[in-house]
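Numbering (the working numbering), first residue to last: 21 to 247. We put the CB at the ideal spot given by N, CA and C, even for glycine.
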Ligand code: ADE
C-alpha cells in the first residue's frame, strides 16, 4: 500500500484522472490511497491569498511559502515521507527508473506549483526530489504529478492483472521497445496482420517479435539521439 498526498492550488484539475481506469482500480483494490489537499485551505488571511508578486519584479505571481509550510508540516507530523516531490521544469528528468524507485515508497507527497512558480524557501525546506517530465514548460505541476502517479500506480504489485503485466511494456526491459501488436480482424480494409502471427508456431512468433523489437529499438534510439 502506497499513500500519496497531492498539494495543489487547483485540486479540480486532478479529479477525473485520479478516479478513472488504473488509478481508480489501484485505489479501489486498496493498493494506493490518494489524498488531495487544497492549498487555499492553508491560507488564513482575509482573502485566502496563496500568491503574491515576486520581489525581483517582472510578470507573474508566485505561490507564497506559508500555505505550503503549514500543509507539509501537518502531513509530516502525521507520518514520515520517503519522497516530497516538486514537479518543476528545472528538475531531474523523469523516466521509468524513477517510476520504479518511487513505486517502492510507502508515503509520497507531490507539491504542485502553479502560476509562475513557488517561493524558493519551500523547495529549500522540503524538496527531496525536483522532477521534470520533459523539456517544455507547463502551466502547473498538476499534469506532471498525474503523469508520475499513473506510472507509479501501475507498477504496484496487484494493480495490473497478468495479461496487462507491466513487465511487457515498452521501455521496461532496459531500453527495449516491444514488438507491434495486432488483434482481430486478421484482415481489415485489405491490410493483413503479419502471417507469422496467425501461424501458431511459437518459435517463429518469438523470433519475429525479437526481430521487430530490435528494429523498433534501433529506430527509437536514432530518433531520440541528440544531433
Ligand atoms: N511544471 C511546469 N512545467 C513542468 C515540467 N515540464 N515538468 C515538471 N513540472 C513542470
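In the three-state reduction of the DSSP assignment, residue 150 falls in the strand class, which pools E and B. Here the distance from the Cβ of residue 214 to the nearest heavy atom of the ligand ADE is not below 7 angstroms. Measuring C-alpha to C-alpha distances from residue 128 to each of 116, 24 and 241 identifies 24 as the nearest. Comparing alpha-carbon positions, the option among 50, 132 and 200 lying closest to residue 177 turns out to be 50. The distance from the Cβ of residue 119 to that of residue 171 is about 4 angstroms, consistent with a contact at the 8 angstroms cut-off.
Within the chosen limit of 7 angstroms, the ligand ADE does not reach the beta carbon of residue 205 with any heavy atom.
DSSP places residue 237 within a helical segment (H, G or I) once states are collapsed to three.
About 5 angstroms separates the beta carbon of residue 87 from that of residue 70, a gap short enough to meet the 8 angstroms contact definition. For residue 229, the CB contacts under 6 angstroms within the same chain, skipping 5 residues up- and downstream, are 199 in chain order. Taking a cut-off of 8 angstroms for Cβ pairs, the segment 144-157 and the segment 105-116 touch, as three or more such pairs fall below it. Taking C-beta separations shorter than 8 angstroms and ignoring five residues to either side along the sequence, the partners of residue 133 in its chain run 83, 106, 107, 108, 160 and 161, following chain order.
Residue burial is scored here from C-beta neighbours: residue 43 has at least 16 other C-beta atoms within 10 angstroms and is therefore classed as buried. Pairing residue 26 with residue 54 gives a Cβ-Cβ distance under 8 angstroms. Residue pairing by DSSP puts residue 208 in a beta bridge opposite 211. Secondary structure at residue 22: strand, using DSSP grouped into helix, strand and coil. Using a cutoff of 7 angstroms, the CB of residue 177 does not count as near the ligand ADE, since none of the ligand's heavy atoms is closer than that. Note that the C-beta distance between residue 22 and residue 126 is below 8 angstroms. Between residue 216 and residue 225, the gap from beta carbon to beta carbon is short of 8 angstroms.
The alpha-carbon of residue 33 is positioned some 44 angstroms away from that of residue 218.
Apart from sequence neighbours up to five positions away, the residues of its chain that approach residue 173 with a beta-carbon distance below 7 angstroms are 42, 43, 46, 52 and 179, ordered along the chain.
A residue is called buried once 16 or more other Cβ atoms fall within 10 Å of its Cβ, and residue 139 is buried on that count.
Inclusion of residue 158 in the 7 angstroms shell around the ligand ADE follows from its C-beta lying nearer than that to a non-hydrogen atom of the ligand.
Taking 4 residues as the minimum length, the alpha helix (DSSP H) runs contained wholly in the segment 52-115 are 85-98, in order along the chain. Around the CB of residue 57, 16 or more other CB atoms lie within 10 Å, so the residue is classed as buried.
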